[in-house]
Amino acid sequence: MNVTSPCESESTRTKIELKPSVNNAIKHHDESSVYKMSSKPRGYCLIIANVNFRMATQLPGNSQDANRIGDVFRSFDFIVRKYENRTAKEMRLIFKQYANDVQLKKHDAFVVFISTHGNHLNGKELFLGSDDDYIFKEDVLAYFNNKNCPYLIGKPKIFFIDACRGGEEDAGIPIVQQRNALPTIHIESIATRKVPDWSDMLIYSSSVVGNAKNFLYNVIANFHFLKGYVSWGTKSGSFFTNALTELLKKYGREYDLVTLLEKVCFAA
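Using our numbering, read the sequence shown as starting at 15 and increasing by one per residue.
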């Protein structure tokens, strides 16, 4: 599976191949536009799934979603680390722990999957811990920027976030997807070049909310629903994660990640 920047043209966007570079899946792409993806293991797949909450509604399907995501990324040679029912404080400690993990030096990518309740406060996206306390989305991303996580400089950080973004229900209308043109950075020598704190991050969402910050790219922050809306699911898991994992299993070795996420928007 490749990861591409959603804002670049097909001929210029950078891709990440989750299999070794000798795989046939990237023979049709210029190798200079493909991220290195040959380490064994590829990297961590960090999963946080909150099912039980102090006051908020229980989310029994989140545990199954976490298992599905874990199975898929194990098949791509990632080390899967799963945590369930963590408080907001515990979530912060987990993110800090992995951002400082020296093993990241040996890895080619980093994946995070968060499944919990979500909302927004003063225009900021947030996620609930099992104690109903919260952590802001921007704080989660900040743990893994170049200043706080130098081991991942020049490497893609991929975030899948399956959470409500408010309490409104979406009645369903045709989707018009928009993309802002974001710049890219090609790091030739990390030892001799300075890079912004937020390089190797890319914001990708199923629908764009607000103005994307130009310095955030190469982290895939994928949200299923518009700001202010609920995320739909059942006791067997969310529609979004079901669609995501099925497409990754079926097409993950053929298509780049952004193409797959576009398919998820219509399949979920």
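Where is the CB? At the ideal position from N, CA and C, for every residue including glycine.
Can you tell me where the alpha helix (DSSP H) holding I83 begins and where it ends? Residue numbering aside, residue 83 sits at position 69 when the sequence shown is read from its first letter. It spans G75 to S89 - the alpha helix (DSSP H) in which I83 sits, taken as one unbroken run.
Spatial neighbours of F150 within its chain, please: CB distance less than 6 angstroms, with the 5 preceding and 5 following residues excluded, ordered by chain position. Here the question's residue 150 lines up with position 136 in the sequence shown. The answer, listed in chain order, is K138 and L140.
In the structure shown, what three-state DSSP assignment does A235 receive? Taking the first residue of the sequence shown as position 1, residue 235 is located at position 221. Any reading at A235 must be qualified, since the residue scores a pLDDT of 46, below 50, and its modelled position is unreliable; the value itself is stated next. Three-state result, A235: strand.
Quick one: residues in its chain with C-beta nearer than 7 angstroms to the C-beta of F109, no 5 flanking neighbours on either side, listed in chain order? Working through the sequence shown from its first residue, we reach residue 109 at position 95. V154 and Y157, listed in sequence order.
At the level of alpha carbons, what is the spacing between Y265 and Y97? On the sequence shown, position 251 is the one that residue 265 refers to. On the sequence shown, position 83 is the one that residue 97 refers to. So the two alpha carbons sit approximately 27 angstroms from each other.
For T130: DSSP bridge partner residues: Within the sequence shown, the letter at position 116 stands for residue 130. Answer is A177, bridged to T130.
Below 8 angstroms on the Cβ atoms is my guess for K169 versus D122; work out the distance and round it to an integer in Å. Start at 1 with the first residue of the sequence shown, and residue 169 comes out as number 155. Start at 1 with the first residue of the sequence shown, and residue 122 comes out as number 108. Contact flag correct, Cβ pair sits at about 6 angstroms.
Are the CB atoms of G75 and S252 within a distance shorter than 8 angstroms? In the sequence shown, counting from the first residue as 1, residue 252 sits at position 238. In the sequence shown, counting from the first residue as 1, residue 75 sits at position 61. The answer is yes: Cβ separation under 8 angstroms.
State the DSSP-derived secondary structure class of Y269, mapped to helix, strand or coil. On the sequence shown, residue 269 is found 255 positions in, with the first residue counted as 1. It is coil, neither helix nor strand.
T255 and D146 closer than 8 angstroms at C-beta: Taking the first residue of the sequence shown as 1, we reach residue 255 at position 241. Taking the first residue of the sequence shown as 1, we reach residue 146 at position 132. Not in contact: T255 and D146 (Cβ atoms no closer than 8 angstroms).
Measure from the alpha carbon of K120 to the alpha carbon of each residue in I167, M69, Y269 and A80, then state which is nearest. The sequence position of residue 120 within the sequence shown is 106, counting from 1. Taking only the C-alpha atoms, the option nearest K120 is I167.
Looking at G132 and R100, is the spacing between their C-beta atoms short of 8 angstroms? Position 86 of the sequence shown, counted from the first residue, corresponds to residue 100. Position 118 of the sequence shown, counted from the first residue, corresponds to residue 132. For R100 and G132, no; Cβs fall outside 8 angstroms.
Near V126, which residues of its chain fall below 6 angstroms by C-beta distance, leaving aside the five closest residues on each side in sequence? What you label residue 126 is simply residue 112 of the sequence shown in a count that begins at 1. Only L60 and F173 meet the Cβ criterion.
Would you mind stating whether L261 and L271 have Cβ atoms separated by less than 8 angstroms? Along the sequence shown, read from residue 1 onward, the residue named residue 261 stands at position 247. Along the sequence shown, read from residue 1 onward, the residue named residue 271 stands at position 257. Taking 8 angstroms as the Cβ cut-off, L261 and L271 do not qualify as a contacting pair.
With a threshold of 8 angstroms on Cβ separation, who are the neighbours of G84 within its own chain once the five nearest residues in sequence on each side are excluded? Numbered from its first residue, the sequence shown carries residue 84 at position 70. Excluding residues within five positions, the ones whose Cβ falls inside 8 angstroms are C59, I61, V94 and K96.
Please report how far the alpha carbon of N66 lies from the alpha carbon of N81, in whole angstroms. Along the sequence shown, one-based indexing puts residue 66 at 52. Along the sequence shown, one-based indexing puts residue 81 at 67. Each residue's alpha carbon lies about 16 angstroms from the other.
Among K54, T259 and R106, which has the Cα closest to the Cα of L118? Here residue 118 is taken as the residue at index 104 of the sequence shown, counted from 1. L118 has its Cα closest to that of K54, out of K54, T259 and R106.
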